[in-house]
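Residue numbering for the sequence shown is 43 to 230, as defined by our numbering.
Note sheet for the following structure.
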Amino acid sequence: MKSTLRTCLNFRTCLNLLILSILVPHLVCGDDIETAISPLSAAKDDARTTAICPDGYTMIGCKLAEGSISRISDGLYFEDGGCVAVARRGTGVKSQATCRKNSQMFQVVLKNRHRVDKGKTGSLKCDDGYTMTDCLFYTPWWYQPEGVESDGTMPSCSVTCLTQYCFLSAICMKPWELEAKGTVFLES
């Protein structure tokens, strides 16, 4: 049985996915979960590569497939429903999307590229009724702020930007089955 729980590094995300897996196991575990890996990007600054979920699947997670954001990547964001990784100087990079088979049992909303200007603190939250399954960091300049994991994800989805500007992106998921149960998930 495939599971996003085996590979997530973010405590809040893991706990929220664990809650979902207990209450509605078929949403986050089982044969309905696939992983998509992008091709290796060009080995040059700002080269991009995108992991795209197979037809009939929706992205519920995004991270660097290998390497560390502090060494090889400027970060991650979403574009056209895919998980985009951006290379940093001279090293190729790959992204990895966690994909869930489409169903009327859940809805996913991508909050993409929330800009945080230099010297400012910014955060991103999901709307009421949604739980955050992933938060991503990206900036075109070399910089890994405190709180950004080596795979480009962020447990808190909050950053103080010390470069010209930074971006936060989030994946928010709403399982329809839990709407009536009043399930509470952890916030950032």
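Yeah, the Cβ is synthetic: ideal placement off N, Cα and C, and Gly gets one too.
Here the structure is a predicted model, which means the values were calculated and not measured.
- When DSSP assignments are scanned along the segment 121-182, no uninterrupted stretch of alpha helix (DSSP H) that is 4 or more residues long falls wholly within it.
- By the Cβ neighbour-count rule, Lys153 is buried, with 16 or more other Cβ atoms within 10 Å of its own.
- When C-beta atoms of the segment 161-176 are compared with those of the segment 89-98, fewer than three pairs fall below 8 Å, so the two segments do not count as touching.
- For Pro182, the closest C-alpha among the options Ala78, Arg131, Met147 and Gln149 is that of Arg131.
- Where Ile102 is concerned, the enclosing beta strand (DSSP E) starts and stops at Tyr99 to Leu106.
- Buried is the label assigned to Ala78, since at least 16 other Cβ atoms lie within 10 Å of its Cβ.
- Short of 6 Å from the beta carbon of His156, and not among the five residues preceding or following it, lie these beta carbons of its own chain, in chain order: Leu166 and Leu210.
- Shown here, Ile213 sits in a strand according to DSSP, grouped into three states.
- In this structure, the beta-carbon distance from Leu118 to Cys104 falls below 8 Å.
- Ser112 counts as exposed, since fewer than 16 other beta carbons sit within 10 angstroms of its beta carbon.
- Its Cα nearest to that of Gly134, the residue Ile114 stands out among Ile114, Met215, Cys125 and Asp74.
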